[in-house]
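Number of protein chains: 2
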Amino acid sequence: MDEIKLIEIKEDIQADNALVAQELRDRLLREQTLMINLMSSPGSGKTSLLLRTIEALKDEISIGVIEADIDSVVDSEKIAETGIPSVQLRTGGFCHLDATMVKKGLDGLDNPSLDLVFIENVGNLVCPAEFDTGAIKDAMILSVPEGDDKPLKYPLMFTKANALVVNKIDYMQLSDFDTARLKSHVNRLNPDIALFEVSCKTGEGISQWTDWLKKTVAEFNGTAG
Amino acid sequence: MDEIKLIEIKEDIQADNALVAQELRDRLLREQTLMINLMSSPGSGKTSLLLRTIEALKDEISIGVIEADIDSVVDSEKIAETGIPSVQLRTGGFCHLDATMVKKGLDGLDNPSLDLVFIENVGNLVCPAEFDTGAIKDAMILSVPEGDDKPLKYPLMFTKANALVVNKIDYMQLSDFDTARLKSHVNRLNPDIALFEVSCKTGEGISQWTDWLKKTVAEFNGTAG
Numbered sequence: 236m237d238e239i240k241l242i243e244i245k246e247d248i249q250a251d252n253a254l255v256a257q258e259l260r261d262r263l264l265r266e267q268t269l270m271i272n273l274m275s276s277p278g279s280g281k282t283s284l285l286l287r288t289i290e291a292l293k294d295e296i297s298i299g300v301i302e303a304d305i306d307s308v309v310d311s312e313k314i315a316e317t318g319i320p321s322v323q324l325r326t327g328g329f330c331h332l333d334a335t336m337v338k339k340g341l342d343g344l345d346n347p348s349l350d351l352v353f354i355e356n357v358g359n360l361v362c363p364a365e366f367d368t369g370a371i372k373d374a375m376i377l378s379v380p381e382g383d384d385k386p387l388k389y390p391l392m393f394t395k396a397n398a399l400v401v402n403k404i405d406y407m408q409l410s411d412f413d414t415a416r417l418k419s420h421v422n423r424l425n426p427d428i429a430l431f432e433v434s435c436k437t438g439e440g441i442s443q444w445t446d447w448l449k450k451t452v453a454e455f456n457g458t459a460g
Numbered sequence: 236m237d238e239i240k241l242i243e244i245k246e247d248i249q250a251d252n253a254l255v256a257q258e259l260r261d262r263l264l265r266e267q268t269l270m271i272n273l274m275s276s277p278g279s280g281k282t283s284l285l286l287r288t289i290e291a292l293k294d295e296i297s298i299g300v301i302e303a304d305i306d307s308v309v310d311s312e313k314i315a316e317t318g319i320p321s322v323q324l325r326t327g328g329f330c331h332l333d334a335t336m337v338k339k340g341l342d343g344l345d346n347p348s349l350d351l352v353f354i355e356n357v358g359n360l361v362c363p364a365e366f367d368t369g370a371i372k373d374a375m376i377l378s379v380p381e382g383d384d385k386p387l388k389y390p391l392m393f394t395k396a397n398a399l400v401v402n403k404i405d406y407m408q409l410s411d412f413d414t415a416r417l418k419s420h421v422n423r424l425n426p427d428i429a430l431f432e433v434s435c436k437t438g439e440g441i442s443q444w445t446d447w448l449k450k451t452v453a454e455f456n457g458t459a460g
């Protein structure tokens, strides 16, 4: 494999993607829809966090979900059960979503009056961080069993995210995870990140996250439109 | 982004990679070195499993490690402390290793008499499964907190792996992870996979994994050379 050739291809793809992403963001501003791109490793709890979030907010805020999965519909079935508008993108092996795929998802929701749309990206700490999805905000989950050293090893996602949800704090008792050490690593990359400590299993900490979402939707509606 | 164009690029890269991978495998056969490509999500315990494995086997088998990391040297420092030959590949953002990168790692080890070389791939359940590294065997880790549904969502890696190490069984008491359900999902994809249940934290189950490694090295030495 010729390394220089690969980099050129990547730059072409990125330039095309950036254009589509900007068009998508312009549309979201017009439609006053806050779209949040939710990323994490496999099994960190993206779907569980969405289910908790929908449960807490669906009577106050109109929510939609664009689900991505390489090959299954496991997660989107759970989201569909909540009754909120949702679509499933099957990536067919792709390791991330780009703006064109997300645009198809937003078209599929076919509902320009939504206040808040979540993209559940492919479970992957690497590739999704490299592609602008067109979302207004990026959020990520790190679960306690993954370890507090992940910002050192996957720095781009921690640098890009506006919010970091530390999930599975109910595992803390069996783990040597050190939240102070995590914060120190994250602060060096991204001092402005909003950090939440939650357990999607017990519900602990979820209200701080949903309060931040309500505030962020309100601020966005104040600036958009 | 033009989807058809991207697929063509991917096929070109894959064809080039397959050639390099086959050359690498021919060399490993000549040198009688069993190279195992170890893959998992971020934080599943690749480095911890390697440390346990080195501790158990280093007096019987000569071992080397090719470490990959996007941007840090956290893991390779831990491996270097064991005193076994190791090299670090810094991928600079790449989400997987290909055969050319692995060849550079094997050249860097500069030791054709090793019995067993591990590649610690980038933490990612998607992309590493798509690229032939030139390894003789593929092994993967799934940790209990990630959940037993991962074969449904990341099928390619579970289909390709010769061995599956279920790590962090010490978390089982706090989890709804169901090993029978995992086995049922995996068996549909890959009935021949060797499955091990371990805790790198407590050492439980490690000897079954290292026994399999010893047997696999001995069988490979019987066929190679």
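Listed in order, the protein sequences are those of chains G and S. Taking my numbering, I'd label the letters of the first sequence as residues 236 to 460. Taking my numbering, I'd label the letters of the second sequence as residues 236 to 460. Note that CB positions come from ideal geometry on N, CA and C, so glycine has one too. All figures in this text were calculated on a predicted structure; none of them were measured in a lab.
Candidates Ala364(S), Asp304(S), Leu263(S), Asp383(S): closest to methionine 407(S) by CA position: To locate residue 407(S), count along the second sequence from 1; it is residue 172. Nearest of Ala364(S), Asp304(S), Leu263(S), Asp383(S) to methionine 407(S), Cα basis: Asp383(S).
Whether leucine 332(G) touches phenylalanine 353(G) by CB criterion (8 Å): The count along the first sequence starts at 1 and reaches residue 332(G) at position 97. The count along the first sequence starts at 1 and reaches residue 353(G) at position 118. Against a cut-off of 8 Å, the Cβ pair of phenylalanine 353(G) and leucine 332(G) comes out as no contact.
For leucine 391(S), the three-state DSSP class (helix, strand or coil): As a first step, residue 391(S) is located in the second sequence; it is residue number 156 there, counting from the start. Three-state DSSP puts leucine 391(S) in a helix.
Proximity below 8 Å, CB of cysteine 330(S) to CB of cysteine 330(G): Residue mapping note: residue 330(S) aligns to position 95 of the second sequence, counting from 1. Residue mapping note: residue 330(G) aligns to position 95 of the first sequence, counting from 1. Yes. Within cutoff.
Min CB distance isoleucine 305(S) to chain G below 8 Å: Position 70 of the second sequence holds residue 305(S). In terms of beta-carbon proximity, isoleucine 305(S) lines the interface with chain G, with at least one pair separated by less than 8 Å.
Aspartate 373(G) (DSSP reduced to helix, strand or coil): As a working note, residue 373(G) is residue 138 in the first sequence. It is a strand residue.
Proximal chain G residues relative to cysteine 330(S), where beta-carbon distance stays under 7 Å: Position 95 of the second sequence, counted from the first residue, corresponds to residue 330(S). Against cysteine 330(S), the close residues of chain G are Cys330, Val361, Cys362, in the order they occur along the chain (beta-carbon pairs closer than 7 Å).
When Trp444(S), Glu432(S), Tyr389(S), Val401(S) are compared against proline 277(G), the one with the closest alpha-carbon: Reading the first sequence from its first residue, position 42 is the one you call residue 277(G). Selected option, being the one with the closest Cα: Tyr389(S).
Cβ contact check for the stretch 304 to 322 of chain S and the stretch 268 to 287 of chain S: 3 or more pairs under 8 Å: yes
Chain G within 8 Å of proline 277(S), Cβ atoms only: Here residue 277(S) refers to the residue found at position 42 of the second sequence. So, interface residue.
Cα-Cα separation, lysine 339(S) to threonine 268(S): Counted from its first residue, the second sequence places residue 339(S) at position 104. Counted from its first residue, the second sequence places residue 268(S) at position 33. Each residue's Cα considered, the two are about 16 Å apart.
Residue interval of the beta strand (DSSP E) (run including alanine 429(S)): The sequence position of residue 429(S) within the second sequence is 194, counting from 1. Here the beta strand (DSSP E) through alanine 429(S) covers 429 to 432.
Sequence-distant residues of its chain with Cβ nearer than 6 Å to glutamine 443(S) (five each side left out): Mapped onto the second sequence, residue 443(S) falls at position 208. Excluding sequence neighbours, glutamine 443(S) sits near Phe431.
Closest by C-alpha distance to asparagine 425(S), when choosing among Ala398(S), Asp405(S), Leu292(S): One-based indexing of the second sequence puts residue 425(S) at position 190. Ranking Ala398(S), Asp405(S), Leu292(S) by Cα distance to asparagine 425(S) puts Ala398(S) first.
Assigned exposure category for glycine 438(S) - 16 Cβ within 10 Å defines buried: For this step, residue 438(S) is matched to residue 203 along the second sequence. Here glycine 438(S) is exposed: its Cβ has fewer than 16 other Cβ atoms, across all protein chains shown, within 10 Å.
Nonlocal neighbours in the same chain, by C-beta distance under 6 Å from glycine 369(G), ignoring five residues either side: Along the first sequence, one-based indexing puts residue 369(G) at 134. Cβ neighbours of glycine 369(G) beyond the five flanking positions: Ala256, Leu259, Arg260, Ala334, Val337.
Opposing strand residues paired with glycine 299(S) [DSSP bridges]: What you label residue 299(S) is simply residue 64 of the second sequence in a count that begins at 1. Partner(s): Val352(S).
Bounding residues of the beta strand (DSSP E) (the contiguous stretch that carries isoleucine 271(G)): Locating residue 271(G) in the first sequence gives position 36, counting from the first residue. Its beta strand (DSSP E) spans residues 269 to 274.
Residue of Ala364(G), Arg265(G), Glu355(G), Phe412(G) minimising C-alpha distance to valine 379(G): By 1-based counting over the first sequence, the position of residue 379(G) is 144. The shortest Cα separation from valine 379(G) among Ala364(G), Arg265(G), Glu355(G), Phe412(G) belongs to Phe412(G).
Chain G within 8 Å of serine 321(S), Cβ atoms only: Taking the first residue of the second sequence as 1, we reach residue 321(S) at position 86. False, the Cβ-Cβ gap to chain G never drops below 8 Å.
Same chain, Cβ closer than 8 Å to glycine 440(G), five either side skipped, listed in chain order: Here residue 440(G) refers to the residue found at position 205 of the first sequence. Sequence-distant partners of glycine 440(G) (beyond 5 residues in either direction) whose C-beta falls short of 8 Å from its own C-beta, in its chain, are Ile404, Phe431, Glu432, Val433, Ser434.
Integer Cβ distance of proline 320(G) from leucine 341(G), believed to fall under 8 Å: The count along the first sequence starts at 1 and reaches residue 320(G) at position 85. The count along the first sequence starts at 1 and reaches residue 341(G) at position 106. The pair is not a contact, with the Cβ atoms about 11 Å apart (cut-off 8 Å).
Under 8 Å between C-beta atoms of leucine 204(S) and alanine 364(S): Since the first residue shown for chain S is 236 and the last is 460, residue 204(S) is missing from the structure and cannot be characterised.
Cβ neighbours of isoleucine 301(G) in the same chain (closer than 6 Å, five flanking residues each side left out): Your numbering for residue 301(G) matches position 66 in the first sequence. If we look at isoleucine 301(G) and ignore the five residues flanking it on each side, its Cβ neighbours are Val322, Gly340, Ile354.
Leucine 391(S) versus leucine 387(G) - alpha carbon distance: Along the second sequence, one-based indexing puts residue 391(S) at 156. Along the first sequence, one-based indexing puts residue 387(G) at 152. If you take the alpha carbons of leucine 391(S) and leucine 387(G), they lie about 27 Å apart.
Best match in Thr451(G), Thr445(G), Gln249(G) for proximity to serine 294(G) [C-alpha to C-alpha]: Along the first sequence, one-based indexing puts residue 294(G) at 59. Residue identity check: residue 294(G) is aspartate in the sequence provided, not serine. Looking at the Cα atoms, Thr445(G) is the closest of the given residues.
Cβ neighbour criterion (16 or more within 10 Å) applied to glycine 229(G): With chain G covering 236 to 460 only, the question about residue 229(G) has no answer from this structure.
Limits of the unbroken beta strand (DSSP E) element including alanine 398(G): The residue labelled residue 398(G) in the question sits at position 163 within the first sequence. Taken as a continuous stretch (DSSP letters only), the beta strand (DSSP E) holding alanine 398(G) covers 398 to 402.
Secondary structure of leucine 324(G), DSSP reduced to three states: Position 89 of the first sequence holds residue 324(G). Looking at leucine 324(G) - three-state DSSP - the assignment turns out to be strand.
Coil, strand or helix - serine 378(G) by DSSP: Taking the first residue of the first sequence as position 1, residue 378(G) is located at position 143. Note: serine 378(G) maps to strand in three-state DSSP.
Within 7 Å of chain S by C-beta, residues of the stretch 368 to 386 of chain G in sequence order: Ser378, Pro380, Glu381, Gly382, Asp384, Lys385
Supposed contact pair isoleucine 271(S) and isoleucine 428(S) - C-beta distance, whole angstroms, cut 8 Å: For the purposes of this step, residue 428(S) is taken as the residue at position 193 of the second sequence. For the purposes of this step, residue 271(S) is taken as the residue at position 36 of the second sequence. With 8 Å as the limit, isoleucine 428(S) and isoleucine 271(S) do not qualify as a contact, their Cβ atoms being about 14 Å apart.
Under the three-state DSSP convention, the category aspartate 304(S) falls into: As a working note, residue 304(S) is residue 69 in the second sequence. Of the three classes helix, strand and coil, the one that applies to aspartate 304(S) here is strand, per DSSP.
Range of the contiguous alpha helix (DSSP H) that encloses glutamine 443(S): Here residue 443(S) is taken as the residue at index 208 of the second sequence, counted from 1. It spans 441 to 458 - the alpha helix (DSSP H) in which glutamine 443(S) sits, taken as one unbroken run.
Own chain partners of leucine 417(G) with C-beta closer than 6 Å, once the 5 adjacent residues on each side are dropped: Here the question's residue 417(G) lines up with position 182 in the first sequence. Correct list, in chain order: Asp383.
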